[in-house]
Amino acid sequence: LSKGTEPSPEEGGRSRLMIVKMVLENFKSYAGIKEIGPFHKCFSSVVGPNGSGKSNVIDAMLFVFGKRAKKLRLNKVSELIHKSEQHPSLESASVSVHFQEIVDRDDLGDNGYEVVPGSECVVTRTAFSNNQSKYLLDGRNSTFGEVTELLRQRGIDLDHNRFLILQGEVEQIAMMRPKAQGGNEDGLLEYLEDIIGSHRLLPAIEELGKEVEGLNEARAEQLNRVKITEKEVEALEGAKIEAEALQAKERELRAHRSSLYQLNVSEARGNAEALTEKHAILSQKLGHEQAKLKKSEEELRASEQALAKVEEEHTGLVEALGKAKEEFNAFERRDIKLQEDEKFLKAGLKKARAQVERERKKGSDAEAAAEAKEKSLPALEAGASKLTSQRQKAEAEVEVLMEGVKGKTEALRRDLEAA
């Protein structure tokens, strides 16, 4: 029972797990609490004559390590509880195994070792009369999974169960064939493969063996094709010689063609020089024509700008003319209104004068009214005179506006004719 860890300077070696002692309570032949140990640091086997209690110790270990009752040569777990005339009806039996990790110290003698601090642990399993059992880890309730995981981490091989070999298994190993003869038996080779874990690779090895067989068949098929191809190559040897001769002729033909191409290149270079000179002359002419074209384009842009300016002025004059027409119409409407007002005032003046005459004829009672009417006559005449003056002024303004528009229109017409 050992588990190697990384050495430290203080320890001076690798640590390993050891069983310190076992405590049995009401287990099989032992009534009450029995402590077995402490064990030597190199304790690795239990030997003794028949009836000395070897089976009790081994069964106690198997029980703690999770073996079922049938593995302990029993039918049920409750049979592990001690039963005798003095103790006929005990309710439970338990086994506690005390572990610790140690580092061997040769400087302390053959029995010397140092305990790794904090590595002590106690695994307890209790069997009850109802065929149930439970685990304790350092005094607290635990599970079979937690216990097995702890033991596995400490280096106990629970996967292959090779950490504890019974007397019968030793005889079996000694009687094993070197290799199994059939699929249902195990030989020493299979036993060792199971211990080291290589048996897990057997399916993959078989699969790879099948793959190798398939590849060998494919190789044989390809090899046959190669042999057939070699025969075909030998048969084509004459055709190969003819093809090589044809290739030589083709190389000679390519050499003659190369010479011809070189002559053509030389002539083409001479023609290229003449074309280069001609290209230079044409480029110079093209430059002159492009300069002329550029000048014409500039003149065209200037003309277009002048035309745009004239069109802009024309648009402005047209807008001014429209505005003048609107103002003229307004003045005309105003003049008509003034004329109507003048007519109205004249009619009122005439009516007032006629009324004055009538009032005068009526006598003295109407003289006051006549005087009032006469007093209003100057105001009416002044209003009529003012309206006449306003009309004449409006007509004069319209005349001036029409003259201005006529002058601008005439100037615009001359500009358009000149353009």
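For reference, each letter of the sequence shown is one residue, going 1 to 419 in UniProt numbering.
Even for Gly, the Cβ is constructed at its ideal location relative to N, Cα and C.
Note that the structure is a prediction, hence the values are computed from the model and not measured.
Using a C-beta cut-off of 8 Å, the region 343–362 makes no contact with the region 310–330, since fewer than three inter-stretch Cβ pairs fall below that distance. For secondary structure counted as the alpha helix (DSSP H) over 4 or more consecutive residues, the UniProt domain "RecF/RecN/SMC N-terminal" (19–159) holds these complete runs in sequence order: 54–64, 144–153.
Between the region 39–51 and the region 121–135 there are fewer than three C-beta pairs closer than 8 Å, too few to call the two in contact.
Only residues of its own chain outside the window of five on either side were considered, and among them Leu80 have a CB closer than 8 Å to the CB of Leu74, listed in chain order. Fewer than three beta-carbon pairs drawn from the region 14–22 and the region 85–92 are found closer than 8 Å, and the two stretches are therefore not classed as touching. Ranking Arg16, Ser96, Ile165 by CA distance to the CA of Asp138 puts Ser96 first.
Shown here, Leu17 sits in a strand according to DSSP, grouped into three states. When DSSP states are grouped into helix, strand and coil, Leu188 belongs to the helix group. Sequence-distant Cβ neighbours of Gly37 in its own chain, meaning closer than 7 Å and more than five residues away, are Val20, Lys21, Met22. At the C-beta level, Phe27 and Ala60 come within 8 Å of one another. The C-alpha of Ala218 lies about 10 Å from the C-alpha of Asn224. Annotated as proximal: Ser94 and Glu25, with beta-carbon spacing under 8 Å.
Remark: C-beta atoms of Leu387 and Leu338 approach each other more closely than 8 Å.
Annotation for Pro203: the continuous alpha helix (DSSP H) segment containing it runs 202–235. Around the Cβ of Val147, a 10 Å sphere holds 16 or more other Cβ atoms; the residue is buried. Annotated as proximal: Val46 and Lys54, with beta-carbon spacing under 8 Å. In the three-state DSSP reduction, Met175 falls in the helix class (H, G or I).
Per the coordinates, the alpha-carbon of Leu300 lies some 20 Å from the alpha-carbon of Gly287. The C-alpha of Ile173 is placed about 13 Å away from the C-alpha of Ala180. Within its own chain, the residues whose Cβ lies closer than 6 Å to the Cβ of Asp186, once the five positions on either side in sequence are excluded, are Ala180, listed in chain order. For Ala274, the secondary structure class from DSSP, reduced to helix, strand or coil, is helix.
The alpha-carbon separation between Glu381 and Arg334 amounts to approximately 20 Å.
Between Glu101 and Ser15, the C-beta spacing is below 8 Å.
In the structure shown, Leu307 adopts helical secondary structure according to DSSP, grouped into three states.
Gln222 has its alpha-carbon roughly 57 Å from the corresponding atom of Lys67. Per the C-alpha coordinates, the member of Gly322, Ser78, His82 positioned closest to Tyr30 is His82.
Glu342 and Pro378 have their C-alpha atoms spaced approximately 14 Å apart. Secondary structure of Gln181 (DSSP, three-state): coil. Rounded to the nearest whole angstrom, the C-alpha separation of Leu166 and Phe144 is 22 Å. Ser52 is not a Cβ neighbour of Asn131, given a cutoff of 8 Å. For the pair Gly32 and Leu189, the Cα-to-Cα distance works out to about 45 Å.
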